[in-house]
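Chains as they are written, first to last, in the numbering used here: chain C, 1 to 198; chain Z, 1 to 563; chain U, 1 to 357.
Here is the structure we will look at.
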Amino acid sequence: MNLYPIADARYSGAWELPSRGPVAMLSLIVAESAIFMIFLIAYIFYIGKSLNGPTPVQVLEVPWLNSICLVSSSITIWRSERAIERVDIVRFKGWWLATIVLGTTFLVGTATEWRRLLYEYGLTIRTNLFGTTFYSLVGLHAAHVIIGLLMLAVVLMLALANKLGEEHADKIKTLALYWHFVDVVWVVVFTTVYLLGR
Amino acid sequence: MEEAVSTIAEKDKALSPDGYQTFFEGINSWIITVDHKRLGILYIIYSLVFLLIGGAEAICIRIQLAQPNNHFLDPASFNRFFTMHGTTMVFLVGMPILFGFANYLVPLMIGARDMAFPRLNAFSFWLTAFGGLFLYFSFVGGFGLYGTGTAPDVSWWAYAPLTAKAFSPGHSTDYWALALIVSGFGTLGTAINILSTIVSMRCRGMTLMRMPLYAWLMFVVSGLTLITITPLTAAQLMLLIDRYFGGHFFDTQAGGSAVVWMHFFWIFGHPEVYVLVLPVFGITSEVIPVFSRKAIFGYPAMVGASVSIAFVSISVWAHHMYTVGMTSTSNAFFTLSTMVVGIPTGIKIFNWLGTMWGGKIRFATPMLFCTALVFQFLVAGLTGIIQSASPVDWQLHNSYFVIAHFHYVLVGATVMGIFAAIYFWYPKATGHMMSETLGKWHFWLFVIGFHITFDTMHVLGLMGMPRSIFTYQADRGWDRMNLVASLGGFLQGIAVLIFSYNLVTSYFRGEVAGDDPWDAWTLEWSTSSPPPEYNFATEPVVMSRRPLWDLKHPEDPDWRYDQ
Amino acid sequence: MKNKTFSLFKCVRSLGRLRGVSIPFALAGLLLLGLYTRGTGTSVDTSIFSSLSTPGIAITNLTILVFCITGAIFAAVATLLVVVVVRFRNQGEDGTEPPQVYGGRQLELAWTVMPIVIVIVLFLATARVIFAVQDPVKPGSAIDVTVIGHQFWWEFRYPKLGITTANELHIPVSSSKHPVPTFLKLMSADVNHSFWVPQLGGKTDLIPNRVNEMWVEPLKTGLYLGQCAQFCGVEHAKMLLRVYVDSPEQFSAWIDNQLEPGHRDPSVENGRRIFEAEACVNCHSISGTKATGRFGPDLTHLMSRSTIASGVSENNVDALRDWIRSPDNLKQGSLMPAMQLSDEEIDAVVKYLVTLR
Chain C
1 MNLYPIADAR
11 YSGAWELPSR
21 GPVAMLSLIV
31 AESAIFMIFL
41 IAYIFYIGKS
51 LNGPTPVQVL
61 EVPWLNSICL
71 VSSSITIWRS
81 ERAIERVDIV
91 RFKGWWLATI
101 VLGTTFLVGT
111 ATEWRRLLYE
121 YGLTIRTNLF
131 GTTFYSLVGL
141 HAAHVIIGLL
151 MLAVVLMLAL
161 ANKLGEEHAD
171 KIKTLALYWH
181 FVDVVWVVVF
191 TTVYLLGR
Chain Z
1 MEEAVSTIAE
11 KDKALSPDGY
21 QTFFEGINSW
31 IITVDHKRLG
41 ILYIIYSLVF
51 LLIGGAEAIC
61 IRIQLAQPNN
71 HFLDPASFNR
81 FFTMHGTTMV
91 FLVGMPILFG
101 FANYLVPLMI
111 GARDMAFPRL
121 NAFSFWLTAF
131 GGLFLYFSFV
141 GGFGLYGTGT
151 APDVSWWAYA
161 PLTAKAFSPG
171 HSTDYWALAL
181 IVSGFGTLGT
191 AINILSTIVS
201 MRCRGMTLMR
211 MPLYAWLMFV
221 VSGLTLITIT
231 PLTAAQLMLL
241 IDRYFGGHFF
251 DTQAGGSAVV
261 WMHFFWIFGH
271 PEVYVLVLPV
281 FGITSEVIPV
291 FSRKAIFGYP
301 AMVGASVSIA
311 FVSISVWAHH
321 MYTVGMTSTS
331 NAFFTLSTMV
341 VGIPTGIKIF
351 NWLGTMWGGK
361 IRFATPMLFC
371 TALVFQFLVA
381 GLTGIIQSAS
391 PVDWQLHNSY
401 FVIAHFHYVL
411 VGATVMGIFA
421 AIYFWYPKAT
431 GHMMSETLGK
441 WHFWLFVIGF
451 HITFDTMHVL
461 GLMGMPRSIF
471 TYQADRGWDR
481 MNLVASLGGF
491 LQGIAVLIFS
501 YNLVTSYFRG
511 EVAGDDPWDA
521 WTLEWSTSSP
531 PPEYNFATEP
541 VVMSRRPLWD
551 LKHPEDPDWR
561 YDQ
Chain U
1 MKNKTFSLFK
11 CVRSLGRLRG
21 VSIPFALAGL
31 LLLGLYTRGT
41 GTSVDTSIFS
51 SLSTPGIAIT
61 NLTILVFCIT
71 GAIFAAVATL
81 LVVVVVRFRN
91 QGEDGTEPPQ
101 VYGGRQLELA
111 WTVMPIVIVI
121 VLFLATARVI
131 FAVQDPVKPG
141 SAIDVTVIGH
151 QFWWEFRYPK
161 LGITTANELH
171 IPVSSSKHPV
181 PTFLKLMSAD
191 VNHSFWVPQL
201 GGKTDLIPNR
211 VNEMWVEPLK
221 TGLYLGQCAQ
231 FCGVEHAKML
241 LRVYVDSPEQ
251 FSAWIDNQLE
261 PGHRDPSVEN
271 GRRIFEAEAC
281 VNCHSISGTK
291 ATGRFGPDLT
301 HLMSRSTIAS
311 GVSENNVDAL
321 RDWIRSPDNL
331 KQGSLMPAMQ
341 LSDEEIDAVV
351 KYLVTLR
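In structure tokens:
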């Protein structure tokens, strides 16, 4: 128990500190950015250094549609954040579902691209340096998309069961931060792999 | 308010009048706990066990090297022992114990009820613990204990391509990578937790510039950890992709680069050693003022120096790579950045001396360890500057001079700081004082042994003895110094055994501590010893950096000077 | 027991008063320790301060400068620490707290600016040596050697001279009048190694899939010792280096000997046949025979070397016999397999090998 009661009238006013959810998510984002950075550096360093096999310019097609889907999903999730702030659960569900659909489309697009690379060009993770760094980097991103979609799906189920309310706006915001992060990472990866690196 | 306090205490009693019913309920309460204090203690006990194991590995190494051409350990076993010694001390002792202390102290110091995410806290601990146990399982895996199993034998920095399947066909590298990936996630969880706690849960009136310096240092360390441990995780994932999916990240036969592993490893490795030393700077910044009876000299400068160290430490990593054939411009750049990081570190030493100057210094055991820490860190910092000059490092790299330098930091500063922290906060956590007599025996034996061992290692390095060797030629003239270094190791071992005995017996026989045995000034000393599970009955409100000083000296409080 | 402890502690604490007495004892103790640890018998010098090669001497000079500067800083700050500990220790319990001093701007500025100045000075001195050593001008008279690191031996090739040898390097001595530095190209056949002969200068790593360069310029003839300085596996500790710095005459003689084709002594024909028939030829080369393996050392002039197994053992009949019968005895984990030859076969092969001068 406290033997020294510590109190003072000076601070009976406002004492607002940032909410812990977004702080933690931002910290996680910083950490994950470091992991992505290392994979990105490896990709960039090994551009043009493969000893054999298909090169990026030979096999890569710029996934414009895919990327537009993913970037748009950031807009849709932002709209759903606004919706839950206004406690408009119906609109929230709509925008949230749109986010999931766009995210899933992205994943399907990536899977299709990989299928083409594997079966048409025989590019695997062990083919050459390009194969190793490409599948690792894009795969790492895709794994993060999958985790994100799983979390989004859980929230959607809660929303459909009418368990979501105004008090969850903060947690939705935290999750949305993660999704925005996944999006930004894709912009960087896309630019490096498909635009600059070919 | 007194009423509120006694009601809470009565409520506690009402809930569990007889304490825990059975021994197993007691154990269970520790396993499922999410209380930051208990998790902190779990981390600390876990680390101390591994300190003894890692120390035993060191003793074996020193026995083998005490004589030239010795046959105590065969080369394969020696390589496993020195790899495991390094990996254990960094990942299973250093990181967990420092984050364990942070777990225990940070919420108490900032007037919070617990960490921001108590369940994440527990999960992080168990991940770290599992990683360590998995690493040690490698000793019994493979061909079993007689052949020292398949424990990692690729050195703690695990350079490629020695770690490729071609050159390490067994599972030793896999144990190394997997164990550290798992415990790395644990560390990350704790770092995120500490950051969130400090940002979001400080008590009323505690602005960032009023936090205890220890909290500041853990804030900086947690931020640094986010971008320190993750490059290692990434590199280890790449290594596993190489070993199991046929990747070529570090496959020199396919055009991959061994130097890329080195860059990634040291981008982790260098900030990592700052993660290992900054917390004990925080501990020192708490202990020295209390035992000098003066406020810390230059608090804002200490904060600035800590943040600078963290930032600059990200830019120095390739001073571990001066001999790999980088360009002269690169070598010059890293020489400069490494020398620059010595500036804020030096400032800290001066500020500690400034704190002690004009004080009334009481040399209780925590203060003895912190004073030795200041001296040893001075030497360590200077030997770091010596090696920062790349041409000098072309001679000293991978020699015993490097081993001497980093043991001066990690044992002379980190371990001694941990000892100081234990003697200082043990009364708070257990309600009993540790024996001062045994503490002083521990201190003197350990410091003397430390200097015997590591001072001679500096000379061995200057005499051209490289590291990572299981034996050496008799005609090199290194034999006597090696024997002396080994004897110093035994002395340190005895000291640590005395300490372990003290740690255990003081819990049962130590003098009752009371709330504030050291007459200190930060919030943790305002709670009972040990603190109740909820820490503070009412949220504290602070007006300065030393709230208890204000209470004890109402005629001359800190806030009058805007401190 | 308690009293003994207390008096030990009090004794140390009163060092301040016993200053005069204790210091000579401490110095005597250090001197004895220093004499004891000087090593046994005649040690070959691998001290970094004994450099006899131009880049090494530049490094030694910088090292001395850096030690002096850091030594001065150490002396100043350590003295300050001792003064503080002695002068401000608690003399009595009068219950008052000392004056609380929270900081001092001028002082803090001073001890920030001073280190910055020291860093600038140190850095400039260092940068000069970095560029001088790493970016030298290569004279035409320079000798070129290619060093290839293996687990756990050294391969040396002289591309311009057409010589291949192992573990013992011969280079000519240089002088200011007739500069003959040796420029080394460093490569690796497997994992990372590092070439370190302290008396010749700093070390440089051998990294697979990478060519590193270094140079040495020894100014005195003699035998210089070193060893691998980058952990490379089980027998890293036994990957020793012997560098013979020869006078111009000795070096010419050595080159001539190395250029001779492998000796063909008819009396050891039996041993040579066994050598060629067994798996030896998969790893080793002997010019003039069927053996052209590159995995192990070139044995054409094996007996021109004073040690075998990269310096682990003297090069004589018994050692060779031991080595061939069971390499693990001399170098556990060496990549040379036990050849499973009978004793007679080993004798014959060894008789053949000792003719390879």
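From the three backbone atoms N, C-alpha and C, an ideal C-beta is built for every residue, glycine too.
Here the structure is a predicted model, which means the values were calculated and not measured.
query: Backbone secondary structure at His320 of chain Z - three-state DSSP; result: helix
query: Straight-line gap, Val59 of chain C to Thr124 of chain C (C-alpha atoms, nearest Å); result: 12 Å
query: Thr173 of chain Z - DSSP class collapsed to helix/strand/coil; result: helix
query: CA nearest to the CA of Leu438 of chain Z, picked from Z:Met206, Z:Val459 and Z:Tyr501; result: Z:Tyr501
query: Amino acids of chain Z, ordered along the chain, whose beta-carbon sits closer than 7 Å to that of Ile38 of chain C; result: Pro231, Ala234, Ala235 and Phe264
query: Touch test, the region 183-201 of chain U against the region 306-321 of chain Z, Cβ-Cβ under 8 Å, three pairs minimum; result: no
query: Chain C contact residues for Met89 of chain Z, given Cβ-Cβ distances below 7 Å; result: Correct list: empty, because the minimum Cβ distance to chain C is about 24 Å.
query: Contacts around Ser74 of chain C, its chain only, beta-carbon distance under 6 Å, and the 5 residues preceding and following it disregarded; result: His180 and Asp183
query: Sequence-distant residues of its chain with Cβ nearer than 7 Å to Val275 of chain Z (five each side left out); result: Val221, Leu224, Thr225 and Thr228
query: Classification of Arg105 of chain U by the beta-carbon crowding that lies within 10 angstroms, buried from 16 upward; result: exposed
query: Local conformation of Asp246 of chain U per DSSP, three classes; result: strand
query: Pro297 of chain U vs Asn192 of chain U beta-carbon contact at 9 Å; result: no
query: CB of Val216 of chain U within 9 Å of CB of Pro181 of chain U, strictly; result: yes
query: Distance between Gly189 of chain Z and Leu232 of chain Z (C-alpha atoms, nearest Å); result: 15 Å
query: Beta carbon of Val316 of chain Z nearer than 9 Å to that of His270 of chain Z; result: yes
query: Of the residues Z:Ile498, Z:Glu436 and Z:Leu42, the one placed nearest Trp126 of chain Z, counting alpha carbons only; result: Z:Leu42
query: Arg613 of chain Z classed as buried or exposed, judged by whether at least 16 other C-beta atoms fall within 10 angstroms; result: The structure shown has nothing for residue 613 of chain Z, since chain Z only spans 1 to 563.
query: Segment contact flag, the region 172-184 of chain Z with the region 134-143 of chain Z, C-beta cutoff 8 Å, min 3 pairs; result: yes
query: CB-CB length for Val77 of chain U against Leu378 of chain Z, believed under 8 Å; result: 6 Å
query: Where the beta strand (DSSP E) containing Thr289 of chain U begins and where it ends; result: No beta strand (DSSP E) holds Thr289 of chain U; DSSP gives it neither H nor E.
query: is_contact[Ala191 of chain Z, chain C] using C-beta, thresh 9 Å; result: yes
query: Cβ neighbour criterion (16 or more within 10 Å) applied to Leu445 of chain Z; result: buried
query: Proximity of Leu373 of chain Z and Met416 of chain Z at Cβ, strictly below 9 Å; result: yes
query: Chain Z within 9 Å of Ile146 of chain C, Cβ atoms only; result: no
query: As assigned by DSSP and simplified to three states, the class of Gly298 of chain Z; result: coil
query: Sub-9 Å separation of Arg204 of chain Z and Arg293 of chain Z beta-carbons; result: no
query: CA-to-CA distance, Glu213 of chain U to Thr204 of chain U, given in whole angstroms; result: 8 Å
query: Amino acids of chain C, ordered along the chain, whose beta-carbon sits closer than 8 Å to that of Val199 of chain Z; result: Leu17, Pro18, Arg20 and Val23
query: Within 7 Å of chain Z by C-beta, residues of the region 40-52 of chain C in sequence order; result: Ala42, Phe45, Lys49, Ser50 and Leu51
query: Pairwise C-alpha distance: Thr505 of chain Z and Trp441 of chain Z; result: 15 Å
query: Assumed close pair Ile207 of chain U, Val259 of chain Z - CB separation to whole angstroms, cut-off 8 Å; result: 6 Å
query: Leu195 of chain Z: contacting residues in chain C (beta-carbon distance under 8 Å); result: Val23, Ala24 and Ser27
query: C-beta contact flag for Ala380 of chain Z and Gly449 of chain Z at 9 Å; result: no
query: C-beta contact flag for Phe91 of chain Z and Ile61 of chain Z at 9 Å; result: no
query: C-alpha gap between Met157 of chain C and Trp96 of chain C, whole angstroms; result: 11 Å
query: C-alpha gap between Lys220 of chain U and Leu52 of chain U, whole angstroms; result: 7 Å
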